[in-house]
Each structure stands twice: as structure tokens, then as C-alpha cells.
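Asker: Dropping the structure in here first, questions after.
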């Protein structure tokens, strides 16, 4: 089989960093090739070289044996390379056809006008050729996430892509949409297209790929056939040590109700109910999980719990007190820790260094400030302890948050929030963007907090995570809890159907759901950060 892509000795240096170090990668035509590695291993940088976003410091990009020199993504697209980013680049009010042909529309009347009928016909023909189920006339804002992803793929194919790069392609998909995506990839490769995809999900790499390459510290440490390896072997290649793959949470020893949400309603800016009458309890010593496709009210619900968004109806109680209108600062002081969904918008001040970011939410704590002045030596020790315990890289407390990779930003936030000595941890996508070794560590810390009697409210779009860690699991859809289930008694397929909005039928014997809490509670999702560092006090 012919080689479609050959990255030959690629090295890419940035000031003070070697992101790729003499990497060789060969991908055969008509195959799916997965790219694995820890945060900062160099996966995205390598693909950005292939896509023309970066010029390599040394080495050569070859397509079908021919050397290429890309000055921009336009050059890569012209050479037949397309890239589908994790966050789709679509215009919501525009139709599928308009998005796919945008910038490359067929023209009529001597180029004076867009030939809309020709554009629609071209898109319909393209979708039919690859077996894509899309409506050329549908608006992007009205179609599912899985359909939006297919539109992104069609957009690249419309521009002549022979090689497609997919960055974390399953991150926001239900299990059923993942199955559909893999069917799409199989059809594309059957028609001679070449696929490279970046993923953190070992099982999906093994399932969808023909070959898997692993990067560690900027170097390629191995390429293996997907049908001749295991998740344990891949994890060890990625991390350089044995990794425990299975979560053993053990039986929960639950205590009193720590947090309670009753009939909470949260409306968005348009007056539409993003959260529609949700109720649930979280007890000490248990993990209450919420699963759902992003955008179904998780963010608004979690922000209502943590004090970042006002509640339009209903009540939030914490440690027996009504905190519905209590400030975020007071909730932190009472023992509510929060790992937000959006680490950069809600979890960090990107221009601050890690010493300052480690203080967020604790600047009024007597342990860190007295008489209105910050104790900077103690604050520095605190930040350095987080960096050491949670393996934040680079291990430099003076580094600005914006200089860290996304995964290391996440590890720092997790460390800061877990070390608050909380009564309740609200963790929204706590392992988003972090590598397999860090996922293992974060999961262990969450379960340790649970064993210590801390209540944990976990929101995640990763089914294996929320199912493996949760003692009870709610599924949210369009702002409502579709069901609350026992995660050990529910299959991934059943959860996927719930996430897609399929409501459970009446139980045959009419018995109540045994997974429901005694008082009939439910689940939750997203969140935010703390106040900025108090400017009072000179910094030592």
C-alpha cells in the first residue's frame, strides 16, 4: 500500500522548548492512523506542521512521496490536507450548504452572484457519494453535534481533501454518534481517503484505527498495529510507566445530605429555561454524577449551585442552609470547591502567575491574609505544593498561567480546589484535556475525597469517567433529568440513548427506581472561578 503522508525527521522548536524532536511518521493511503500522547507530547504541534500552521524547524513533509513546503493552511488545503478541529468552525445561522461552500461558492452571471442551486446540488452529491446523512438546507443551529461534525468533514472534502486530520473527534459526541462517526471514517477510507486523528481515548483509538503512533516528550516512542496491542501497552508507552486503567471505587459509605437542589429553574438570556425544574441531593461520601451532551443545561445548573448564576425559581441548600442568594465567595468560605468547565474563563486569571492563581478564592482566608494584607511567602509555598503534588509542568510558580499547556492549567486548578479542605467538590469535566497519567491521578484524588466523607458532584461528557466514578448517575437532556440510574446496572448504550433524549419506559412492575435517593433527588453540571487576588498588601 502506498504511503500517503510521510513526516520525515520533523523537529519544531519554540523559544526554550523542543515540541517535536526528529519525528518520523508514515501513514498509508486509505487507512486510519491514531496519534496518542500526554499533554505536551507534541501531537497537535506535529499536526499543525502537516496542516501548514507551523513551519518545521527541520525535516520534510511528504505527500504521496513528494516534498511539500507549506507557508499556510491554504497551501496544505490546496495540496489535499484538511483539518477538522475539536471546536467546529461553523456559522450557526447559515445552512449546511452555505457553510460547506463558504469562500468557494460556485458562481453565475460571470461571477457576479453565487449559484445557490449549483452549490446545493454539489453538497447533496458529495453527501450522497460518502453516505452522509445531512440536509443541505438545514441551519447549523438546528442540527445535532454529530451532524455538525459531518458538515465539517464535508467542508474539507468539498475543497479536495485526500488526507483528513481530526482533533479529538469524539469529545462532544454521544456513543451512538461515535458509532456513526466510525462508520463515516470506514466509508472514507474505503474510498481511498486517509485519516489521522488525535485522541486521549485509548479504546476508541484501538477500535477505529489501523495503526497507532505514540508521542512522548516530543519524540515518537512507537507505532503499533491497533489489533496487536492493548490499552495497558498504549498507556505505558504514553506515560513511561504502568498505568492503572480500571477505577475501583468500592462501596460508598454515605453520610448526611451536604447539598440539595430543589425545583431549580435557570433561564438564559432569551428567557428560555436552560434548567427546567431540576432536583437532587448529594450526600457526604458519595459521587453524584451527571452525564449529558454539552449544551443541555449542565453549565447553567452548576453555576447555579456554585453561586455564579442567579436562580429564577427553586432553592439551593448547602450544609442545611439556604444559599440560593448567597455569594460565590461565601460558598467558598463555607467549604464549596469548584473545578470549572472552562478553565481559562472561570478557573484562572491567565495573566497572573501561579502564586497569584493559587490564591484565587482564598485571598480572605486568615491562612493567607491578615489585616487585609496577603502573606506572599505562605501563598508561594501553597502554590509550590500544588505544583509538586499535581505534577504541574513546568514546575515554576512564577510562570504565568497563559504560558502553561491546557492540561497543566487543568492540573493546577484541580490541585487548588481539591486542597481547600472542602465539604463539597463540584467537578465539571475535571479531566478535560489532560493525559492518561493525570486522569489516573485525578480519579484517585476524587475517590480519596469521597472516602474522607466529602460530597462530590461530578459532571462529565466522558461516559467511562462518569460511569466509573459515580455512585448514582443522572442524565440531563434539554435542561431536565431524563433519569437517575445505578451506573453499575446501566450499559453505555442505554446511557447514550438517554443522552440523546429517549426517555425510559414505565418499569414493568411499577416499582420505584432503586437508584433514586430516598427523597427523590437528581443531578447537575458546569461551573466557574473565584474572585481575583485582593490587591491589598505588598507582595514579598
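Residue numbers (this note's numbering): 1 to 540. Even glycine gets a Cβ: it sits at the ideal position worked out from N, Cα and C.
Buried or exposed: residue 452, going by 16 or more other Cβ atoms within 10 Å of its Cβ?
Answerer: Taking the first residue of the chain shown as 1, we reach residue 452 at position 452. Label assigned to residue 452: exposed.
Asker: Compare the beta carbon distance of residue 447 and residue 425 with 7 Å and say whether it is the shorter of the two.
Answerer: To locate residue 447, count along the chain shown from 1; it is residue 447. To locate residue 425, count along the chain shown from 1; it is residue 425. No. Outside cutoff.
Asker: Kindly indicate which three-state DSSP category residue 13 falls into: helix, strand or coil?
Answerer: The residue labelled residue 13 in the question sits at position 13 within the chain shown. Strand, per DSSP.
Asker: Among 385, 384 and 362, which has the Cα closest to the Cα of residue 374?
Answerer: Start at 1 with the first residue of the chain shown, and residue 374 comes out as number 374. Nearest of 385, 384 and 362 to residue 374, Cα basis: 362.
Asker: Three or more C-beta pairs closer than 8 Å, one from the stretch 33-44 and one from the stretch 427-446: is that the case here?
Answerer: Short answer: they touch.
Asker: Which of the three DSSP states is assigned to residue 335 in this structure?
Answerer: In the chain shown, counting from the first residue as 1, residue 335 sits at position 335. Here residue 335 sits in coil by DSSP.
Asker: Got a sec, what are the start and stop residues for the beta strand (DSSP E) residue 112 sits in?
Answerer: Sequence index remark: in the chain shown, residue 112 carries index 112 (1-based). Residue 112 -> no beta strand (DSSP E), and no H or E assigned at all.
Asker: Tell me whether the beta-carbon of residue 314 lies closer than 7 Å to the beta-carbon of residue 265.
Answerer: Within the chain shown, residue 314 is the residue found at index 314, counting from 1. Within the chain shown, residue 265 is the residue found at index 265, counting from 1. Cβ distance < 7 Å, so residue 314 and residue 265 count as in contact.
Asker: With 16 other CB atoms within 10 Å as the buried threshold, where does residue 429 fall?
Answerer: Counting from one through the chain shown, the residue named residue 429 turns up at place 429. Looking at its Cβ environment, which holds 16 or more other Cβ atoms inside 10 Å, residue 429 is buried.
Asker: Based on Cα-Cα distance, which residue from 201, 291 and 216 lies nearest to residue 496?
Answerer: What you label residue 496 is simply residue 496 of the chain shown in a count that begins at 1. Comparing Cα positions, the closest option is 291.
Asker: Let's test the definition: count the other Cβ atoms within 10 Å of the Cβ of residue 190 and tell me whether it reaches 16, buried, or not, exposed.
Answerer: Walking along the chain shown from the start, residue 190 turns up at place 190. Exposed.
Asker: Roughly how many angstroms lie between the CA atoms of residue 207 and residue 226, to the nearest whole one?
Answerer: Taking the first residue of the chain shown as position 1, residue 207 is located at position 207. Taking the first residue of the chain shown as position 1, residue 226 is located at position 226. Whole-angstrom Cα-Cα distance: 7 Å.
Asker: Going by C-alpha distance, which of 388, 331, 339 and 390 is nearest residue 365?
Answerer: Locating residue 365 in the chain shown gives position 365, counting from the first residue. When only C-alpha atoms are compared, the closest one is 331.
Asker: What is the residue span of the alpha helix (DSSP H) that residue 220 lies within?
Answerer: Position 220 of the chain shown, counting from 1, holds the residue named residue 220. Here residue 220 belongs to no alpha helix (DSSP H); instead the beta strand (DSSP E) covers 219-225.
Asker: Residue 98: which of 396, 13, 184 and 120 sits nearest, CA to CA?
Answerer: As a position in the chain shown, residue 98 is number 98, starting the count at 1. Measuring from the Cα of residue 98, the nearest candidate turns out to be 120.
Asker: Can you give the Cα-Cα distance for residue 273 and residue 295, rounded to whole angstroms?
Answerer: The residue given as residue 273 occupies position 273 in the chain shown. The residue given as residue 295 occupies position 295 in the chain shown. C-alpha separation (whole angstroms): 12 Å.
Asker: Spatial neighbours of residue 52 within its chain, please: C-beta separation below 6 Å, excluding the five flanking residues on both sides.
Answerer: Stepping through the chain shown from its first residue, residue 52 is reached at position 52. Excluding residues within five positions, the ones whose Cβ falls inside 6 Å are 70, 72, 73, 75 and 76.
Asker: So for residue 424, helix, strand or coil by DSSP?
Answerer: Within the chain shown, numbered from 1, the residue matching residue 424 stands at position 424. In the structure shown, residue 424 sits in a strand (DSSP, three-state: E or B).
Asker: Express the C-alpha separation of residue 153 and residue 125 in angstroms, rounding to a whole number.
Answerer: Mapped onto the chain shown, residue 125 falls at position 125. Mapped onto the chain shown, residue 153 falls at position 153. If you take the alpha carbons of residue 125 and residue 153, they lie about 14 Å apart.
Asker: From residue 158 to residue 82, what distance separates their C-alpha atoms?
Answerer: Along the chain shown, read from residue 1 onward, the residue named residue 158 stands at position 158. Along the chain shown, read from residue 1 onward, the residue named residue 82 stands at position 82. Each residue's alpha carbon lies about 10 Å from the other.
Asker: Using beta-carbon positions only, say whether residue 258 and residue 278 come within less than 7 Å of one another.
Answerer: Indexing the chain shown from 1 puts residue 258 at position 258. Indexing the chain shown from 1 puts residue 278 at position 278. No, the pair does not count as a contact, with Cβ atoms beyond the cut-off.
Asker: Can you tell me whether DSSP reads residue 201 as helix, strand or coil?
Answerer: Walking along the chain shown from the start, residue 201 turns up at place 201. In the three-state DSSP reduction, residue 201 falls in the coil class, being neither helix nor strand.
Asker: Going by Cα to Cα distance, which pick from 342, 379 and 347 is closest to residue 356?
Answerer: Residue mapping note: residue 356 aligns to position 356 of the chain shown, counting from 1. The shortest CA-to-CA distance from residue 356 to any of 342, 379 and 347 is the one to 379.
Asker: Whose C-beta lies closer than 7 Å to the C-beta of residue 12 among residues of the same chain, with five residues either side of it excluded?
Answerer: For the purposes of this step, residue 12 is identified with residue 12 of the chain shown, where counting begins at 1. So the qualifying residues of the chain are 19, 20, 45, 49, 54, 56 and 57.
Asker: Among residues of its own chain, excluding the 5 on either side of residue 185, which ones have a beta-carbon nearer than 7 Å to its beta-carbon?
Answerer: Reading the chain shown from its first residue, position 185 is the one you call residue 185. The residues 32, 195 and 208, in chain order, have a CB closer than 7 Å to that of residue 185 in the same chain once the five nearest residues on each side in sequence are set aside.
Asker: Would you call residue 408 buried or exposed, if buried means 16 or more other Cβ atoms sit within 10 Å of its Cβ?
Answerer: Looking up residue 408 in the chain shown gives position 408. The residue is buried, with at least 16 neighbouring Cβ atoms inside 10 Å.
Asker: Kindly identify the DSSP beta-bridge partner or partners of residue 159.
Answerer: Along the chain shown, one-based indexing puts residue 159 at 159. Beta-bridge pairing links residue 159 to no other residue.
Asker: Quick check: the Cα distance between residue 95 and residue 168, rounded to an integer number of angstroms?
Answerer: One-based indexing of the chain shown puts residue 95 at position 95. One-based indexing of the chain shown puts residue 168 at position 168. One C-alpha to the other measures close to 25 Å.
Asker: Below 8 Å on the Cβ atoms is my guess for residue 427 versus residue 458; work out the distance and round it to an integer in Å.
Answerer: On the chain shown, position 427 is the one that residue 427 refers to. On the chain shown, position 458 is the one that residue 458 refers to. At roughly 5 Å, the Cβ-Cβ gap stays under 8 Å, so residue 427 and residue 458 are in contact.
Asker: Any idea what DSSP makes of residue 18, helix, strand or coil?
Answerer: Counting from one through the chain shown, the residue named residue 18 turns up at place 18. Three-state result, residue 18: strand.
Asker: What are the partner residues of residue 68, as DSSP defines its beta bridges?
Answerer: Sequence index remark: in the chain shown, residue 68 carries index 68 (1-based). 61.
Asker: Classify residue 514: buried if its beta carbon has 16 or more other beta carbons within 10 angstroms, exposed otherwise.
Answerer: Indexing the chain shown from 1 puts residue 514 at position 514. Here residue 514 scores only 37 on pLDDT, less than 50, and its place in the model should not be relied on; the value that follows carries that caveat. So residue 514 ends up on the exposed side.
Asker: Looking at residue 471: is its Cβ nearer than 7 Å to the Cβ of residue 286?
Answerer: Translated into the one-based positions of the chain shown, residue 471 becomes position 471. Translated into the one-based positions of the chain shown, residue 286 becomes position 286. Cβ distance < 7 Å, so residue 471 and residue 286 count as in contact.
Asker: Say whether the stretch 326-340 touches the stretch 383-392, bearing in mind that this needs 3 or more beta-carbon pairs closer than 8 Å, one atom from each stretch.
Answerer: No, they do not touch.
Asker: Whose C-beta lies closer than 7 Å to the C-beta of residue 309 among residues of the same chain, with five residues either side of it excluded?
Answerer: For the purposes of this step, residue 309 is taken as residue 309 along the chain shown, with counting starting at 1. Same-chain partners within the cutoff: 266, 300 and 303.
Asker: State the Cα-Cα distance for the pair residue 543 and residue 114, rounded to the nearest angstrom.
Answerer: This structure cannot settle anything about residue 543, because the visible part of the chain is limited to 1 through 540.
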